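In structure tokens:
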């Protein structure tokens, strides 16, 4: 029987929101609906979206399989802790003797799950076991965090190549399913959790999906109107018209030049600051007095 220990703890019917006697068509319909609403791309600000989507996919993988679903149902139907209550355990074929907690042999428990034990030894089980979850820390420069990258990590003596998605933020933890510790007895691998730290950028900041930058303009351009060159993260410049009477703190939006996204990229928000000359000629000073009058 191909089963995992996870089956014992997870109600896949509940994950998909269907009854245990749901038809294959009902299961497929529920999965498609949940897959659309729970997809990480549809929930970019929800740190639990990836885990939720993974749980939904696992549930559908098992319940849509005509061979694995009966196995799952059979595993879930096995009594667990209730076997060993105060009234004892009375399985069929073992007679009618009541077995108390004091005289129950732990080897019998392991035998239920395909375990083998020698007298005086700790039983070893052939039951599929999930690999352990691993954690790692990764520091990124600002550009790499915005654009994403493929990174190799050394974990448990093995090299793991991972794709860090575009737009990760400082302090965020990302989960990579199946990239953790190796499985035992055919069970699934554990997950890898990467804690992200992002270095600050000397020019750009970030607000959600948007990048921010402060651009200086002259007093004359602010008063009379003009143009300003806005730097972008990729090194290019975008020219924006500045209307007359622009005030300090005025923000201009450059569409699509923020955090990359397949369907909804962020914007670049350019805030104006006005440069004040440290010295002026007598002629310019007189002009300024006239403007302020």
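Residue numbers (the numbering used here): 9 to 301.
All residues carry an ideal CB built from backbone N, CA and C; glycine is no exception.
In this text the structure is predicted, and so the values were computed from the model without any measurement.
Neighbour-count burial assignment, residue i, 16 or more Cβ in a 10 Å radius
i: residue 260; result: buried
i: residue 205; result: exposed
i: residue 254; result: buried
i: residue 249; result: exposed
i: residue 7; result: Missing from the structure shown is residue 7; the chain here goes from 9 to 301 and no further.
i: residue 50; result: exposed
i: residue 241; result: buried
i: residue 272; result: exposed
i: residue 325; result: Missing from the structure shown is residue 325; the chain here goes from 9 to 301 and no further.
i: residue 286; result: exposed
i: residue 61; result: buried
i: residue 293; result: exposed
i: residue 186; result: exposed
i: residue 70; result: buried
i: residue 228; result: exposed
i: residue 230; result: buried
Proximity below 8 Å, CB of residue i to CB of residue j
i: residue 163; j: residue 184; result: no
i: residue 267; j: residue 257; result: no
i: residue 224; j: residue 283; result: yes
i: residue 57; j: residue 46; result: yes
i: residue 238; j: residue 190; result: no
i: residue 174; j: residue 154; result: yes
i: residue 188; j: residue 198; result: yes
i: residue 246; j: residue 262; result: yes
i: residue 159; j: residue 170; result: yes
i: residue 21; j: residue 68; result: no
Cα-Cα separation between residue i and residue j, rounded to whole angstroms
i: residue 14; j: residue 243; result: 49 Å
i: residue 140; j: residue 165; result: 15 Å
i: residue 291; j: residue 148; result: 51 Å
i: residue 65; j: residue 213; result: 36 Å
i: residue 151; j: residue 31; result: 49 Å
i: residue 143; j: residue 83; result: 31 Å
i: residue 85; j: residue 76; result: 14 Å
i: residue 295; j: residue 222; result: 28 Å
i: residue 137; j: residue 18; result: 15 Å
i: residue 234; j: residue 265; result: 22 Å
i: residue 99; j: residue 28; result: For residue 99, the predicted model reports a pLDDT of 37, less than 50, meaning its position is unreliable and no value from the coordinates is stated.
i: residue 24; j: residue 195; result: 22 Å
i: residue 216; j: residue 181; result: 16 Å
i: residue 89; j: residue 16; result: For residue 89, the pLDDT reaches just 47, beneath the cut-off of 50, and the residue's location in the model is therefore unreliable, leaving the point undetermined.
i: residue 226; j: residue 298; result: 18 Å
i: residue 145; j: residue 289; result: 56 Å
i: residue 48; j: residue 59; result: 9 Å
i: residue 157; j: residue 269; result: 14 Å
i: residue 63; j: residue 219; result: 33 Å
i: residue 97; j: residue 36; result: Here residue 97 scores only 35 on pLDDT, less than 50, and its place in the model should not be relied on; the value that follows carries that caveat. Approximately 39 Å, taken between the alpha carbons.
i: residue 316; j: residue 33; result: This structure does not reach residue 316, given that the chain is present from 9 up to 301, and the question cannot be answered.
i: residue 26; j: residue 53; result: 27 Å
i: residue 251; j: residue 167; result: 55 Å
i: residue 55; j: residue 232; result: 47 Å
i: residue 172; j: residue 208; result: 18 Å
i: residue 79; j: residue 161; result: 37 Å
Element boundaries [alpha helix (DSSP H), containing residue i]
i: residue 16; result: 14-17
i: residue 61; result: 57-71
i: residue 85; result: 76-85
Residue i - containing beta strand (DSSP E), residue span
i: residue 181; result: 181-184
i: residue 158; result: 157-163
i: residue 171; result: 166-172
i: residue 200; result: 200-206
i: residue 140; result: No beta strand (DSSP E) holds residue 140; DSSP gives it neither H nor E.
i: residue 213; result: 213-215
Practice problem: Just list the alpha helix (DSSP H) runs in the region 18-51, keeping only unbroken ones of 4 residues or longer that don't cross its boundaries, in chain order. | Solution: Fully enclosed alpha helix (DSSP H) runs of 4 or longer: 20-24, 32-46.
Quiz prompt | Unbroken stretches of the alpha helix (DSSP H), 4 residues or longer, contained in the region 221-299 | solution = 227-232, all fully within the region 221-299.
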